[in-house]
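Down below is the structure, laid out as structure tokens.
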Amino acid sequence: MSADPAPAVSSNPLLSESPLPYGLPPFADTTLEHCREAVLAGMAEQRAELGAITGSAEPPTFENTVEALERSGALLRRAEAVFGNLSSSLSSPRLREIERELAPLEAAHADALRLDPVLFARVDAVHEARHASGLDPEAVRLVERHHLDRVLAGARLDDAGRARLSEMNRELSELSTQFGQNLQLATEAAAVRVADAAELDGLGEEEVAAAARAAADRGLDGYVLPLLLPTGQPVLAKLRDRELRRRVFEASVTRASSGEHDNGPVAARIARVRAERARLLGFATHADLVLADQTAGSTAAVDAMLSSMVGPSTANARAEAEVLAEAAARDGVDELAPWDWAFYSERVRAERYAVDTAALRPWFELDRVLVDGVFRAAELLYGFRFSPRPDLAGYHPDVRVWEVSGPDGEAVGLYLGDFTAREGKRGGAWMSSFVTQSRLLGTRPVVVNNLNVARAPEGRPTLLTLDEVDTLFHEFGHALHGLSSAVTYPRFAGTAVPRDFVEFPSQVNEMWALWPEVLSAYARHVETGEPLPPAVVEALDDARLWGEGFATLEYLAATLLDQAWHRITPETEIGDPAEFERRALADAGVADDLVPPRYRTTYFQHVFAGGYAAGYYSYIWSEVLDADTVEWFRENGGLRRENGDVFRERLLSRGGSVDPLEAFRAVRGRDADPAPLLRRRGLAPA
573 MSADPAPAVS SNPLLSESPL PYGLPPFADT TLEHCREAVL AGMAEQRAEL GAITGSAEPP
633 TFENTVEALE RSGALLRRAE AVFGNLSSSL SSPRLREIER ELAPLEAAHA DALRLDPVLF
693 ARVDAVHEAR HASGLDPEAV RLVERHHLDR VLAGARLDDA GRARLSEMNR ELSELSTQFG
753 QNLQLATEAA AVRVADAAEL DGLGEEEVAA AARAAADRGL DGYVLPLLLP TGQPVLAKLR
813 DRELRRRVFE ASVTRASSGE HDNGPVAARI ARVRAERARL LGFATHADLV LADQTAGSTA
873 AVDAMLSSMV GPSTANARAE AEVLAEAAAR DGVDELAPWD WAFYSERVRA ERYAVDTAAL
933 RPWFELDRVL VDGVFRAAEL LYGFRFSPRP DLAGYHPDVR VWEVSGPDGE AVGLYLGDFT
993 AREGKRGGAW MSSFVTQSRL LGTRPVVVNN LNVARAPEGR PTLLTLDEVD TLFHEFGHAL
1053 HGLSSAVTYP RFAGTAVPRD FVEFPSQVNE MWALWPEVLS AYARHVETGE PLPPAVVEAL
1113 DDARLWGEGF ATLEYLAATL LDQAWHRITP ETEIGDPAEF ERRALADAGV ADDLVPPRYR
1173 TTYFQHVFAG GYAAGYYSYI WSEVLDADTV EWFRENGGLR RENGDVFRER LLSRGGSVDP
1233 LEAFRAVRGR DADPAPLLRR RGLAPA
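Under this note's numbering, the first residue of the sequence shown carries the number 573, and numbering increases by one thereafter.
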């Protein structure tokens, strides 16, 4: 991105289609002021397009109403795609200021699309006649989606109800923006400073150098350990200094919980307004509203799955804790603390299974994992090829661009990678799109993956942990969903599927990380080139169930916390948000001082500043499909083009254009069996 002088209107590159390949935004010529201006202009342009639809004297048809809606908003899509990605990856004081200005305007604009009574009447008429209009199945589904989107958004409310709903949506947009900005600033402020390198005992040479660089980047002496988004910080598994482990843990769990960036009251207000909105829309709770349009179908179905896992995962975690307490006692630790868990878990893993995951980092160099692992698996499975495009610029010097071609050399799209952590970039890992595929609009996908890997010292290779390797394969699974898209309408492109289905393809892609043919290609020592020893690979497989008690329980705690916040009614007395959280975890049977939730309320970005409200259960719901699909791949020979073609053509390429569970059945031949997931997580006999 270039600097930000206020531009003349005619100089704004976002106001017209990008001349770059695949419509890649012209980042080098684009400023934040361009983004602001283009979003405002895009909303005005789309309102004019909607006016043309609603003002038409012609009877409503698919072409002049629903298809016209799909064609509308081209400028707004371009502008919001750029600005939305920058707000996550390249934030700054000016960007946050613009974000706060635009959030309520964008909420009002979204309501204009969904709540306009004249527009809804036209969509309703097309919906009524959809089966008698000669439409193909994808067009019929598009009509149904536009209709349901508006019904669930409140299009059937009266004038007073729509006005009240718009007020709540505006407030929620402002609150979610505030939550995300608070969290980013609080996370950066909570980074742990270390004066003496001796305290970093246990970290590798590259990690110590990265901590020194993190301090230097902040203009500080000594060392800085930045915080990642989840509760558990990777350094807790390595630091031998118990006091420093405590400091890191407490910095992590207390983020955004006090002071000027306190997210507790913000989260409570978000939950309250969501409850009031759900009531207005005719639902008992926000969770009921969300589940009305998910594959799970009901809160009862979610409850049944989650409750069945609480007991076994709690028992597994307690058994693990006993083993860890014994290991800690040998170091003179009288009582195991939560900041000890990861450290002694790694020690037990090393003792029992001869696996020291921290020592594996030299075998996982970022570029080699990406090119010889992630890209290679995609080529073997789907025929995709990735060619570097150094001539194409990203929005930051860290960002790299690859052109993607298909099995016959046909153009597919662009893949952008932004893998390293920096200030101004939110925590976690994600995939998003700058351009989505659509035959109607003649567009091909431009997708981006973001990770937060610690930046290596200048001239040194970037090394990954095993968890980061899994994360890269996972997020690339989302990218494949976007790149494989072959739909007509942008509403259905790529990952535009129900929230509790979207994680399924990405979780499936994790299976290739340790697939022998893939692992042997990328897991090479960064200095010697030697492959990861077969004994280590075997030990990793033997150790796969170790730690599943903790992992499942911390995930369930976060999921059930999400459900608790979104099962309240307008009459619920919340009180102190921290106390509400404590009660919710206790009532759900997952309160464990040694196993805190993967995300606590004040940094639960997924649900208070993301799209997972009442939907964090989606990861494990999707994992049922994932685990069963992994067995299908294994039963059919694994990493074979024939398998990839089936999965891509019958599921990945279809996006939201078909019922997602029908797409699953088209691959698997039946409904999902939960048994593979239970075995994977150690919750059932192998």
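We put the CB at the ideal spot given by N, CA and C, even for glycine.
Would DSSP call residue 695 helix, strand or coil? helix
Roughly how many angstroms separate the alpha carbons of residue 671 and residue 616, rounded to a whole number? 18 Å
So, helix, strand or coil for residue 848, using DSSP? helix
Residue 607 and residue 638: beta carbons closer than 7 Å? no
I need the straight-line Cα distance from residue 1221 to residue 1207, nearest angstrom please. 19 Å
Tell me, please, whether the region 623-630 touches the region 930-937 by the rule of three or more beta-carbon pairs shorter than 8 Å. no
Residue 609 classed as buried or exposed, judged by whether at least 16 other C-beta atoms fall within 10 angstroms: buried
For residue 815, name the three-state secondary structure that DSSP assigns. helix
With 16 as the cutoff for other CB atoms within 10 Å, does residue 847 come out buried or exposed? buried
Is the beta carbon of residue 644 less than 7 Å from the beta carbon of residue 636? no
Verify whether the separation of the beta carbon atoms of residue 1128 and residue 879 is less than 7 Å. no
Look at the alpha carbon of residue 809 and the alpha carbon of residue 1241, and state the distance between them as a whole number of angstroms. 42 Å
What residue range does the beta strand (DSSP E) around residue 990 cover? 983-992
Please return the same chain residues whose Cβ sits closer than 8 Å to the Cβ of residue 581, not counting the five positions on each side in sequence. Summary for residue 581: the model assigns pLDDT 47, below 50, so the residue's position carries little reliability; its value from the coordinates is reported in the next sentence. 587 and 609.
Residues near residue 984 in its chain [Cβ-Cβ closer than 7 Å; skip 5 each side]: 956, 976, 977, 978, 1016 and 1055
For residue 588, three-class secondary structure by DSSP: coil
Beta bridge counterpart(s) of residue 958 as assigned by DSSP: 976
Reduced DSSP secondary structure (H/G/I, E/B, other) of residue 764: strand
Nearest-angstrom Cα distance between residue 1066 and residue 948? 21 Å
Would you give the residue range spanned by the alpha helix (DSSP H) that residue 1208 belongs to? From DSSP, residue 1208 is part of no alpha helix (DSSP H); its letter is neither H nor E.
For residue 927, count neighbouring C-beta atoms within 10 Å of its own C-beta (all shown protein chains included) and say buried if the count is 16 or more, exposed if not. buried
Any idea what DSSP makes of residue 1103, helix, strand or coil? strand
Out of 699, 1244, 1179 and 1191, which one is the CA nearest neighbour of residue 1202? 1244
Under 7 Å between the Cβ atoms of residue 698 and residue 1189? no
What's the gap between the Cα of residue 1137 and the Cα of residue 1178? 13 Å
By the DSSP assignment, the beta strand (DSSP E) with residue 1021 in it spans what residues? 1018-1025
State the CB to CB distance for the pair residue 844 and residue 1174, rounded to an integer number of angstroms; the pair is presumed to be in contact (CB under 8 Å). Incorrect: roughly 16 Å between the Cβ atoms, too far for contact.
Skipping 5 residues on each side, what residues in its chain have a beta carbon closer than 6 Å to that of residue 1253? 1120 and 1124
Go ahead and pull the three-state DSSP assignment for residue 1015. strand
C-alpha distance - residue 970 paired with residue 1086, whole-angstrom precision: 27 Å
The alpha helix (DSSP H) with residue 877 in it runs from where to where? 871-901
At least 3 beta-carbon pairs within less than 8 Å: the region 676-691 vs the region 772-784: no
With DSSP run on the structure shown, which of helix, strand or coil describes residue 710? helix
Within this structure, are the beta carbons of residue 1072 and residue 867 separated by less than 7 Å? yes
Beta-carbon proximity list for residue 604, same chain, < 7 Å, skipping 5 on both sides: 576, 666, 667 and 670
Within the continuous beta strand (DSSP E) that includes residue 1259, where are the two ends? Only positions 573 to 1258 of the chain appear in this structure, which leaves residue 1259 out of reach.
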